[in-house]
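Protein chains: 2
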Amino acid sequence: MAEPWIIAPVSALISIAAGFYLYHYIKKQDSGTKRMQEISTAIREGANAFLRREYTILAIFVLIMATLIGLLLPTPVWTSENAIQNLSLATAYIFGALCSALAGFFGMDVATKSNVRAASAAKNGLNKAFSIGFRGGAVMGLSVVGFSLLGISVVYAVTNDPTIVLGFSFGASALALFAKAGGGIYTKTADISADLVGKVELSIPEDDPRNPAVIADNVGDNVGDVAGMGADLADSYIASIVAVMILGYTLRDGLPITHEIPLIFAGLGIIAALVGVATVRVGKTGNPGKALNMGTYMTCILYTILTFATTTYLNVNLRIWGATLVGLVAGIIIGITSDYYTSIDRMPAKKTAEISKSGVALNIITGFSYGLHSVFPPLIGIGVASTIAYFLCSSIGEGYAVFGVGMAALGMLSIVGMIVASDAYGPIVDNAKGVAEQSGLGKEVIAVTDRLDAAGNTAKAITKGFAIGAAGLTVLALLAAYREIAGAVDFNLMDPLVLLGAFIGIAIPPVFSAMVMLGVGKNANRMIGEIRRQFSEIPGLKEGKEGVKPDYARCVDIATVGALRELLPASLIAIVATLVVGFVGGIEALGGYLAGSIFSGLLFALLMANSGGLWDNAKKYIEAGAFGGEGSEAHKAAVVGDTVGDPFKDTAGPSLNTLITVMSLVASMFALLIAQYNLLGLFA
Amino acid sequence: MAEPWIIAPVSALISIAAGFYLYHYIKKQDSGTKRMQEISTAIREGANAFLRREYTILAIFVLIMATLIGLLLPTPVWTSENAIQNLSLATAYIFGALCSALAGFFGMDVATKSNVRAASAAKNGLNKAFSIGFRGGAVMGLSVVGFSLLGISVVYAVTNDPTIVLGFSFGASALALFAKAGGGIYTKTADISADLVGKVELSIPEDDPRNPAVIADNVGDNVGDVAGMGADLADSYIASIVAVMILGYTLRDGLPITHEIPLIFAGLGIIAALVGVATVRVGKTGNPGKALNMGTYMTCILYTILTFATTTYLNVNLRIWGATLVGLVAGIIIGITSDYYTSIDRMPAKKTAEISKSGVALNIITGFSYGLHSVFPPLIGIGVASTIAYFLCSSIGEGYAVFGVGMAALGMLSIVGMIVASDAYGPIVDNAKGVAEQSGLGKEVIAVTDRLDAAGNTAKAITKGFAIGAAGLTVLALLAAYREIAGAVDFNLMDPLVLLGAFIGIAIPPVFSAMVMLGVGKNANRMIGEIRRQFSEIPGLKEGKEGVKPDYARCVDIATVGALRELLPASLIAIVATLVVGFVGGIEALGGYLAGSIFSGLLFALLMANSGGLWDNAKKYIEAGAFGGEGSEAHKAAVVGDTVGDPFKDTAGPSLNTLITVMSLVASMFALLIAQYNLLGLFA
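Those protein sequences? They're chains D and Z, same order as listed. If you read the first sequence in the numbering used here, its first letter stands for residue 1, the second for the next number, and so on. If you read the second sequence in the numbering used here, its first letter stands for residue 1, the second for the next number, and so on.
Structure representation (C-alpha cells):
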C-alpha cells in the first residue's frame with residue numbers, strides 16, 4: 001500500500017487540473033466589445049510589464065541568496081561532510097521562489113482575463129457574471145494550494161527531510177514578501193493619486209476614463225490585490241505545513257507518520273476546498289456575499305469530517321485532530337470579529353461615518369481608535385487557541401504540546417484554497433466594474449457589477465481576519481520549530497539578551513511599515529503632479545471632449561518605477577536585521593527578537609487592516625445616502641479617511657504577515673550556523 | 001552618625017522650601033490689566049472646578065480601593081497573623097494618592113498664576129517673562145520631587161519595609177492615571193473643537209476671544225498638560241525608587257544599605273536639580289530653548305559627580321554607579337533622537353510639511369509613517385541600556401544584575417525635578433500667549449510670548465522622549481520586582497500561559513488608547529455643535545462686535561462633564577484585566593501579560609507622542625512661511641494633521657507610561673495573593 005501522505009501530491013494535482021479546467025471555461029466566455037477588449041488589454045499589458053520587471057530584479061536576488069545558502073547552510077560547505085545537503089537546500093529555495101512566482105503570475109493572468117468577461121456577462125444579469133468572477137478567483141485559489149502542496153511533496157519525496165522543505169518555504173515566502181511590498185506600493189500609489197486628483201479635486205467619478213491614472217489603478221488591483229494576496233496566504237500555508245513537519249519529525253519515534261500528518265491534512269483540505277468551490281452558486285435574485293460565505297462554511301464542515309475519518313482510520317490520537325479543529329474554529333471567530341469592526345452595517349463604521357460631519361480629523365481619530373480596539377478579539381483568539389491546542393496535545397507525550405499548536409495553525413490554513421478563491425473574487429469584480437464604467441456599459445450593468453463588488457468587500461473582511469489569525473498561529477509554530485532546530489533552548493523574558501532581542505524585534509514591523517508607506521507617499525506625490533499636469537496641459541481632457549485621451553502609459557510607468565525602487569530596501573532590512581541579531585546576540589536573543597516581531601507584527605497587521613477597512617466602509621455608508629450622501633461635507637471627510645486607510649490595509653498591513661513569516665524562516669534556516677558562530681557566544 | 005539615606009528627606013524638604021520661595025516670588029509679580037486678570041480668573045476657576053469634581057470622584061475610588069487593600073493585601077486579613085501590615089499598606093496607598101493629588105493641584109495653581117504674570121512681564125521683553133514662566137515650572141518640578149521623595153521617606157522610616165512603600169507608589173500611580181486620562185480628554189476636547197470651528201471653518205486666529213471654547217482650551221492646558229505631565233513623571237519616579245528598593249532588599253546581606261541606595265541617589269538628584277534650576281538664565285537677546293537645555297545638562301553633570309563621590313565615600317561598588325550613568329546617558333540619547341523626529345528644522349517635519357501640498361491624506365500617511373520610524377532608536381536604547389546595566393552589575397553577585405537595571409532607571413529619573421521644570425514651562429508660556437492675545441496686548445508682546453512658546457516646544461520634545469525612556473526602564477525594574485515578590489519564577493515565552501498572557505497584555509494599551517481617544521472624539525463632536533450654535537445664534541459674535549461675548553462657561557462645562565464620564569472606564573479596565581489575568585492564569589501568565597503590555601505600551605507611547613509632535617511642527621513649519629505659508633492649501637492640510645495628532649500626543653500617548661506602571665504595580669501588590677489563589681493553579 002502507498003504511504004498515506006501520497007494524498008497530498010494527488011490532491012494537489014487534482015487541484016491544478018481543476019484550475020486549468022476553470023481557466024479554459026473563462027477563456028471561452030465572451031470578452032465584450034472592442035472598447036472593453038482595449039481596456040482589458042491595456043490593463044493586462046501594464047500588469048505583465050510590471051511583473052516582468054519585478055521578477056527580473058527578484059531573479060537576481062534569488063540567485064545571490066541561493067548561492068549564499070548553497071555555501072553556508074545548513075553548515076558551511078567547507079566544513080560540511082554532507083555537501084549534498086547544501087545543494088539540496090539551495091535548490092529547494094529556488095524551487096520555492098519559482099512556485100510562488102508562478103502562482104502569482106498565473107493568478108494575475110486569469111484575473112485580467114476574468115474581469116472583462118465578468119463585465120460583459122453582467123449585461124445579462126448577476127448570475128453568470130458572478131460565476132465568472134468567482135471561478136476566476138477559484139483558479140487562483142486552486143492553483144496556489146496546488147502548486148504549493150505539490151512543491152512541498154516533491155521536495156519531501158526527494159529528500160525525506162523536513163529541514164530541506166524549510167528551504168522551499170523560505171524561497172516562497174521571501175518572494176512573496178517582495179511581491180507584496182512591490183505590488184502594495186504600486187496599487188496604492190495609483191489608487192491614491194487617481195482618487196485625490198479625480199474624486200477630491202475635480203469631483204469626477206471613480207474609474208472615469210478621463211483620469212490619466214485609471215489604467216494604472218486597475219493594473220494595481222491586479223498586481224497588488226490578486227498577485228499579492230495569493231502569495232500572502234500561500235506563504236503562511238507552506239510555512240505552517242513545514243513548521244509542523246519539523247515539530248513532528250522529532251516525534252517520529254512515537255508514531256512513524258507524525259511528521260507526515262500535516263501533508264495528509266493539507267491534502268484533505270484541498271479536497272474539501274474543491275467541493276466547497278464547486279458548491280458556490282447564486283440564483284438570479286440570490287445574494288453573492290452569502291454564496292461566498294456558504295462555500296467557506298461548506299469547506300469547513302467537509303474538512304472536519306474528512307480529517308476525523310482519516311484520523312480514526314490511521315489510528316492517530318484524536319487530540320491531534322482536536323487541535324486542528326481548535327484552529328479552524330478560532331479562524332472563523334477571528335474572521336467574524338474582524339467583520340464586526342469593518343462591516344458597513346455595524347456600529348464602528350456607522351459611528352465613524354457620523355462623526356465625519358465634524359470634519360476629517362475626527363474621522364481619522366475615530367477610525368484609528370476603532371482599529372486599535374479591533375486588535376483585542378483576534379489577539380485573544382490566537383492566544384487562547386494556541387493555549388487550548390497546547391494543553392489538548394500535551395498529554396499525548398513529550399513534544400506533542402507544541403506540535404498541537406502547529407496543528408491548530410494548519411487547521412486554520414487547510415481550507416486556504418476556498419479562502420483565496422473568495423478573496424481573489426474581490427479585485428476581479430472590482431476590475432469588472434472599472435471596465436464597465438470606462439467602456440460605458442450603462443447604469444444597469446454597472447449596478448450589477450456594484451452588487452458583485454459589495455459582496456467582494458464583505459468576503460474580504462472575513463478572509464483578511466482569517467489570514468492574520470492563521471499567520472499568527474503559523475509564526476508561533478515557526479518559533480517552536482526554530483527552538484527545536486536550535487536545540488530546545490528557552491526564551492526567558494528575564495534574560496537580558498532575550499529582552500534586548502524582543503525590543504529590537506518589536507521595532508522591525510513598524511519600521512518596515514513606515515518604509516513602504518513612505519514609499520507610497522513619495523510615489524503618489526509624484527503621480528499627483530503628473531495627473532494635474534495632464535489635466536491642465538491636454539486640452540479638452542477635463543471636459544471629456546470626444547477623442548481626447550490622457551496619457552495612461554505615463555502613469556503606469558511612474559507607478560512601476562516607483563514600486564520597483566521601494567520594494568527591496570524595506571524587505572532586505574528585515575532579513576539583514578534578523579541575521580545581525582542572530583550572529584551578534586546568539587540563539588536566545590534571536591528567539592526574543594522573533595517573539596517581539598510576532599507581537600508587534602500581528603498588532604500592526606490587525607490595526608492597519610481593520611482601520612483601513614473601516615474607513616473604506618464608513619465612506620461607502622455615506623455614499624449609500626447617510627449624513628448627506630455623496631458630495632456632502634461628511635463624504636469629503638470620509639474620502640480622505642479612506643485614502644489614509646488605503647496604504648494601511650493594502651500596502652503595509654497585509655505585508656506584515658509575510659514579513660514575520662520570512663523573519664522566522666530566516667532564523668530557522670540559519671539557526672545551526674548561529675548556534676556555532678555568534679559574537680556574544682565568543683565572549684561567553 | 002545618622003544613616004546615609006537621611007539625605008533623601010532632607011533634600012526633599014529643601015526642595016519643597018525652594019518651591020515655596022519661588023511660589024511667593026511669582027505671586028509678588030505684576031498680574032497685569034483688569035482684562036488680563038479677568039481672563040486669568042476665568043481660567044483658574046474653570047481649572048479648579050474641574051479638579052474639584054475630578055478629585056471628588058477619585059476620592060470615592062481611592063476609599064473603595066483602600067478598603068480592598070486593607071482587607072486583602074498582602075494576605076487576606078482573616079488569614080493574616082500580622083493585620084497591621086494590611087493597615088499599613090492601605091494607609092500608604094491613601095497617602096500616595098494624596099501626595100499625587102496635592103502635587104497636581106499645587107502645580108496647577110502656580111501655573112494659572114504664572115501665565116498671566118508672564119504675559120504681563122512680556123511687555124518689558126523676554127528676560128523677565130522667561131524667568132516667571134520657568135520659575136512657575138520649577139515650582140511644579142521641585143514640589144513634585146519633593147513631595148514624592150518625602151512621602152517615600154516617611155513611609156519607609158515608619159515601616160522599614162519596601163513592600164509597604166509599594167502601596168504608596170500604587171496610590172500615586174493610580175491617581176496619576178485617572179488624572180492624566182481625565183485631563184488629557186479635557187484638554188483635547190477643547191483644543192480640537194476650538195481649532196476645528198475657529199481656525200478651520202471660520203478662519204479666525206487661535207486664542208481669539210470670540211471663540212466660545214477659548215477659555216475651555218486654556219483651562220485644558222492647565223488640567224491636562226501641567227497637572228497631567230507632572231503626575232506622569234512623578235509616578236515613574238516613585239515607582240523606580242520603590243522597584244529598586246525591593247530588588248535591593250533581597251541583597252541586603254551583601255551590603256546592608258543596598259536597598260537604601262535608591263533613596264540616597266534620589267536625594268542627590270534633587271540637589272543637582274536645585275542647582276540646575278538656579279542656573280537657568282537667559283539674557284535680553286538670549287535663546288530660551290538653549291537656556292532650558294543648559295539647565296538639564298548642568299543637572300546631569302552635577303548628578304554624575306555627586307553620585308560618584310557618594311558611591312566612593314560609602315564604599316559601594318562603582319559598577320552600581322556605572323549602571324546609573326548608563327541610564328542617564330541613555331535618557332539623553334533617547335531625548336535627542338525624539339527631538340530629531342519631531343523638531344521643526346529636521347527632515348521628517350519638513351518632508352511632512354512639503355507633502356501637505358498634495359492634501360490631508362498624504363500629510364497623515366507621511367507623519368504617521370515617520371512616527372512608526374521613530375520608535376526604533378528609543379526601543380533599541382532602552383534594550384541596550386538595560387542589557388549593559390545588567391551585565392555591568394552581574395559580576396557583583398547573584399541578584400545584582402537586575403538591581404543594575406533598576407539603577408539605570410533611577411539614573412534616568414533622578415534629574416526629574418529639572419525635567420518637570422522645563423516641561424511645565426511649556427504650558428505656562430503657552431497660556432501666557434493665550435492671555436496676551438485675548439487681552440489685546442499688541443503685536444510686540446505677542447511676538448515675545450511666541451518665542452517663549454517655541455522654546456517650550458523644543459524642550460518638550462526632549463523631555464517627552466526622556467519620560468518614555470525612563471518609564472520603559474522603570475517598568476522593566478518593576479517586572480523584576482514583581483518576579484522577586486512572586487518567588488523568582490521564570491517567564492519563558494515557550495510556556496503557553498506566558499504566551500497567552502503576553503497576547504492579552506499586548507492588547508491592553510491599544511484598547512486603552514482607543515477608549516480615551518474615542519472619548520475625545522465624542523466630546524469634541526458635542527462641543528463643536530455648541531460652538532457652531534453660539535456663532536450662529538449670538539448676534540454680532542462672529543463679527544467681533546463690541547461688548548458681545550460668547551458663553552464660555554457652557555464649553556467649560558461640556559469639557560468637564562465629558563472628561564469625567566470617560567476617565568474611569570478605560571483606566572478601570574486596565575486594572576481589572578490585570579487582576580483577571582493574574583487570578584485566572586497565575587503568576588507566569590501575569591508575567592507574560594506585564595511584558596506584553598510593556599512592549600506595546602512603549603511602542604504606542606513613542607508612536608503617538610512623536611507623530612503628534614511631528615504633525616504639530618510640520619504645521620508650524622508651514623506657518624513660518626514654507627510651501628505657501630498660512631492660509632495655503634498645504635497649511636489647511638497640516639492643520640488637520642495637527643488636530644489628528646492632538647489626542648495622540650496629549651491624551652493617549654502620555655497616559656500609556658502611567659498605564660503600564662499602574663499595571664505592573666497592581667501585579668506586584670497582588671503577587672502573593674495570586675500565587676496562592678489562581679484558577680489554573682487549582683487544576684494543576
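We treat Cβ as the ideally placed atom computed from N, Cα and C, and that holds for glycine. Here the structure is a predicted model, which is why all the values come from computation and not from measurement.
Item	Value
Going by CA-CA distance only, name the one from D:Ser386, D:Ala118 and D:Ser148 that's closest to D:Gly136.	D:Ala118
Is it true that the CB of Z:Ala92 sits closer than 9 angstroms to the CB of Z:Val165?	yes
Is the beta carbon of Z:Asn218 less than 9 angstroms from the beta carbon of Z:Asn457?	no
Which residues of chain Z have a Cβ atom closer than 8 angstroms to the Cβ of D:Arg483, listed in chain order?	Met494
Assign D:Trp321 to buried or exposed, taking buried as 16 or more other Cβ atoms, counted over all protein chains shown, within 10 Å of its Cβ.	buried
What does the alpha-carbon distance come out to for the pair Z:Pro76 and D:Ala179?	59 angstroms
Where does the unbroken alpha helix (DSSP H) through D:Val77 begin, and where does it stop?	Where D:Val77 is concerned, there is no enclosing alpha helix (DSSP H), given that its DSSP letter is neither H nor E.
Taking Cβ-Cβ distances below 8 angstroms as the criterion, which residues of the stretch 575-597 of chain D are in contact with chain Z?	Gly591, Gly592, Ala595 and Gly596
Less than 9 angstroms between CB atoms is the rule here; does Z:Val282 satisfy it with respect to chain D?	no
Given that D:Asn525 touches chain Z, what residues does it touch there, using C-beta distances under 7 angstroms?	Ile355, Ser358 and Leu362
Please give me, in chain order, every unbroken run of the alpha helix (DSSP H) with length at least 4 that falls completely inside the stretch 245-283 of chain D.	261-279
So the alpha helix (DSSP H) D:Lys34 belongs to, where does it begin and stop?	Lys34 to Leu72
Is there a Cβ of chain D sitting closer than 9 angstroms to that of Z:Met663, yes or no?	no
Quick one: does Z:Asp490 have its CB under 9 angstroms from some CB of chain D?	yes
Check the Cβ of D:His373 against every Cβ in chain Z and list those closer than 7 angstroms, keeping chain order.	Val511 and Ala514
To the nearest angstrom, how far is it from the Cα of Z:Ile396 to the Cα of Z:Gly230?	36 angstroms
Classify D:Gln676: buried if its beta carbon has 16 or more other beta carbons within 10 angstroms, exposed otherwise.	exposed
Kindly identify the DSSP beta-bridge partner or partners of Z:Asn492.	D:Asn492
On the CB-based measure, 16 or more other CB atoms within 10 Å of its CB, does D:Ile238 come out buried or exposed?	buried
So Z:Asn160 is in the alpha helix (DSSP H); what residue range does that whole segment cover?	Element bounds for Z:Asn160: n/a, residue is neither H nor E.
Assuming D:Met707 and D:Leu328 make a contact with CB atoms under 8 angstroms, what is their CB distance in whole Å?	Coverage of chain D is limited to positions 1 through 684, which leaves residue 707 of chain D absent and any answer about it impossible.
Does any C-beta atom of chain D lie closer than 9 angstroms to the C-beta of Z:Ile468?	no
Going by the beta-carbon positions, is the gap between Z:Tyr303 and Z:Gly269 smaller than 9 angstroms?	yes
How about Z:Leu567 and Z:Ile57: do their beta carbons lie closer than 9 angstroms?	yes
For a cutoff of 9 angstroms on Cβ pairs, would you count D:Met1 as touching chain Z?	For D:Met1, the predicted model reports a pLDDT of 44, less than 50, meaning its position is unreliable; a value from the coordinates is still stated below. No, D:Met1 lies away from the interface with chain Z (no Cβ there is under 9 angstroms from its Cβ).
Closer than 9 angstroms by beta-carbon distance: list the chain D residues that pair up with Z:Thr250, in chain order.	In chain order: nothing, as chain D lies at least about 14 angstroms away.
Counting along the chain, where does the alpha helix (DSSP H) carrying Z:Asp207 start and finish?	Here Z:Asp207 belongs to no alpha helix (DSSP H), and DSSP marks it neither H nor E.
Could you tell me the alpha carbon to alpha carbon distance between Z:Ala637 and Z:Tyr425, rounded to whole angstroms?	29 angstroms
For Z:Met1, I'd like the list of residues in its chain whose CB is within less than 6 angstroms of its CB, leaving aside the five on either flank, ordered along the chain.	Model confidence at Z:Met1 stands at a pLDDT of 45, short of 50, so the residue's coordinates are unreliable; what they give is reported in the following sentence. Answer for Z:Met1: no residue qualifies.
Taking C-alpha atoms, which residue in Z:Trp5, Z:Ala66, Z:Asp551 and Z:Asp453 lies nearest to Z:Gly289?	Z:Asp453
List the residues of chain D that Z:Ile382 touches, going by C-beta distances under 7 angstroms, in chain order.	Phe503
Find the residues of chain Z that neighbour D:Tyr370, judging by a C-beta separation of less than 9 angstroms, and give them in chain order.	Ala514 and Leu518
Would you mind working out which of Z:Ile364, Z:Ala652 and Z:Asn678 sits nearest Z:Lys188, comparing C-alpha positions?	Z:Ala652
Would you grab the beta carbon distance between Z:Val448 and Z:Ala129 for me? Rounded to a whole angstrom, and I think it's under 8 angstroms.	6 angstroms
Let me see if you follow: with CB-CB separation under 9 angstroms, is Z:Ile365 close to chain D or not?	yes
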